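Following my numbering, the numbering of the sequence shown begins with 122 at its first residue and continues without gaps. Beta carbons are placed, not taken as given, at the ideal position from N, Cα and C, and that holds for glycine. Source: prediction; values computed, not measured. To start, the structure itself, in structure tokens.
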Amino acid sequence: MLDLNSKSILITGGTGSLGKALTKEIFSKWPGVKRLVIYSRDEQKQYQMALQYPESKYEAIRYFIGDVRDYNRLKRAFENIDYVIHAAAMKHVHIAEYNPDECVKTNIGGAENVIRAAMETKVKNVVALSTDKACAPINLYGATKLASDKLFIAANNIKGDRDLKYSVVRYGNVMGSNGSVMPFFLKKRKEGVLPITDPNMTRFNISLSGGVEMVLHALDTAWGGELFVPKIPSYRITDVASAIGPDCKQEIVGIRPGEKVHEEMITASDSFTTYDLGKYYVILPQQPVWSLPDFIKNFSAVKVATGFSYTSGENSEWLTVPELAKLVAEHVEQEDAAGNN
Ligand SMILES: NC(=O)c1ccc[n+]([C@@H]2O[C@H](COP(=O)([O-])OP(=O)(O)OC[C@H]3O[C@@H](n4cnc5c(N)ncnc54)[C@H](OP(=O)(O)O)[C@@H]3O)[C@@H](O)[C@H]2O)c1
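Quick look at the structure:
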């Protein structure tokens with residue numbers, strides 16, 4: 122059982138959607154956490170977060186300004202840290218397409234720096250965030266996250282005898298997170314028209330709390346080198362539009378550069394090393410640094426069929442319009458409570 126009391130944790134991108142949700146969960150579940158470091162660049166976001174989590178009330182919290190591109194700063198921040206959650210990223214597909222080298226520097230260079238800084242300090246466990254867009258990527262964002270995933274997985278091969286492991290969590294769209302379709306449609310519905318890129322488009326959906334649960338699961342159970350994939354439902358983009366603006370006109374505007382009609386989390390080529398763990402799938406490294414039979418026994422892991430793939434368009438679980446409307450209402454309520462509307 123994971124116990125973060127008396128532990129020191131650092132979240133890169135701690136002011137982001139996932140970082141804030143993780144912070145909330147950690148303080149509520151483990152009030153005895155020793156230190157929780159929020160590592161990110163923008164002082165304004167840290168200032169805002171500190172209004173919610175002031176150091177006077179949350180004694181364990183520290184706000185550390187830093188860029189994941191800056192190895193020395195990362196290494197300083199990692200001193201006396203036990204666990205690192207690497208959530209910092211450039212994540213907007215079209216912005217990455219237009220500014221490719223910036224995205225490479227943050228998503229690949231940042232991953233290299235996190236890996237190195239963990240090796241040079243006493244960090245014991247690193248969980249890095251991936252995305253479905255990293256699976257058979259067609260855009261630069263996805264390609265950089267795939268490179269990042271590979272770096273984290275392979276880092277287990279070069280850690281030597283350090284008490285340290287690296288694992289990855291991959292999931293789909295977080296409904297309501299910064300830059301996602303829900304806040305976009307909520308803004309647009311006032312105009313009476315919701316732009317739809319492609320009427321056939323589907324996406325995987327995970328809640329913020331589902332993402333947090335997945336990260337904590339990886340922190341708790343990883344042996345090093347796993348890529349965890351949750352079993353989550355899909356939705357049709359037209360259904361999200363119907364849930365948010367039932368009376369709005371849906372206008373087809375065409376697919377944007379770097380977008381897929383359906384997302385994928387596990388390809389048929391991954392099926393050779395993918396196991397079903399019940400609630401999650403896990404893609405294992407081709408050459409794990411531990412015994413595969415021991416892993417299979419320990420987690421009652423069942424190998425998926427050869428050729429198996431996990432795509433949003435062929436999912437067995439779908440969110441209906443009423444279910445989506447309920448999620449929208451919950452999101453609006455949370456944003457109201459946080460004073461964001
Ligand atoms: N949201 C989703 O739908 C989704 C889905 C799948 C996977 N993911 C992955 O989950 C992770 C977290 O996503 P999120 O939704 O929480 O993102 P987010 O809300 O956009 O937050 C990103 C965070 O990263 C920080 N950051 C960005 N560039 C940085 C840099 N160079 N150095 C240090 N910090 C930096 C940002 O703060 P500053 O700008 O102040 O630095 C912010 O705290 C990402 O890795 C993303 O790829 C997200």
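Residue i - containing beta strand (DSSP E), residue span
i	result
A249	N246 to T252
E385	E385 to I387
I206	Y204 to H207
L131	S129 to T133
L125	Per DSSP, L125 belongs to no beta strand (DSSP E) and is neither H nor E.
K286	K286 to Y292
T395	T395 to D397
Where the alpha helix (DSSP H) through residue i begins and ends
i	result
I216	V214 to Y219
L172	E164 to Q173
F148	S138 to K150
I274	L261 to A276
Y401	Element bounds for Y401: not the alpha helix (DSSP H) but the beta strand (DSSP E), Y401 to I404.
L445	V442 to A458
L195	Y192 to F199
F416	L413 to F420
V425	Where V425 is concerned, there is no enclosing alpha helix (DSSP H), given that its DSSP letter is neither H nor E.
R237	G231 to M240
Through-space distance from residue j to residue i, alpha-carbon basis
i	j	result
H383	G153	43 Å
R310	A364	11 Å
Q169	D163	10 Å
I132	L157	8 Å
M296	V336	17 Å
L440	Y356	5 Å
A181	V410	34 Å
D341	V453	32 Å
P406	G366	44 Å
T119	Q371	As displayed, the chain neither begins before 122 nor continues past 462, which places residue 119 out of reach and without an answer.
L272	I358	33 Å
T432	T242	38 Å
F420	L398	7 Å
N103	I327	Nothing about residue 103 can be read from this structure; the chain reaches only from 122 to 462.
F305	Q167	24 Å
P316	Y401	33 Å
V314	Y204	45 Å
N234	K245	16 Å
A276	A343	14 Å
G134	F148	17 Å
R237	D270	15 Å
G231	Y192	8 Å
K308	R283	49 Å
Q455	M303	13 Å
D457	C369	23 Å
E200	A239	9 Å
I417	T394	12 Å
D415	A422	10 Å
G434	M322	8 Å
Within 7 Å, strictly: CB atoms of residue i and residue j
i	j	result
Y160	G187	yes
K155	S129	yes
I373	D391	no
G428	A459	no
A339	S288	yes
I279	F325	no
Closest residue to residue i among the options (Cα-Cα distance)
i	options	result
A264	K280, D222, K308 and Y192	D222
S412	G345, A458, G297 and K370	G345
T466	K245, L195, R357 and P409	This structure does not reach residue 466, given that the chain is present from 122 up to 462, and the question cannot be answered.
V189	R197, D368 and N299	R197
V333	Y192, A181, A208 and P175	A208
A98	D270, M240, I229 and L329	Because the chain spans 122 through 462 in this model, residue 98 falls outside it and cannot be assessed.
I202	Y401, F305 and L285	L285
K254	S127, A268 and T242	A268
G379	K370, H215 and E176	H215
M386	F416, A446, A171 and Y292	Y292
G331	P320, P351, R324 and T252	P351
Y179	T144, D191, R283 and L261	T144
L320	N294, N277, T395 and R377	Reading off the sequence shown, one finds Pro at residue 320, where the question assumed Leu. With distances taken between Cα atoms, P320 lies closest to R377.
I274	A249, E218, I353 and L261	A249
F349	K280, Y396 and A362	Y396
A362	F393, T394 and V442	V442
V225	D282, I147 and K212	K212
Y262	I229, F199 and P354	I229
V290	Q455, V247 and D360	V247
K381	I259, S177, F185 and Y184	I259
Proximity test, Cβ basis, 7 Å: residue i and chain C
i	result
I147	Included in the structure is just one protein chain, with no chain C present.
*Quick one: which unbroken beta strand (DSSP E) runs of 3-plus residues sit fully inside the stretch 309-378? Chain order, please.*
314-317, 323-327, 348-351, 355-357 and 370-373
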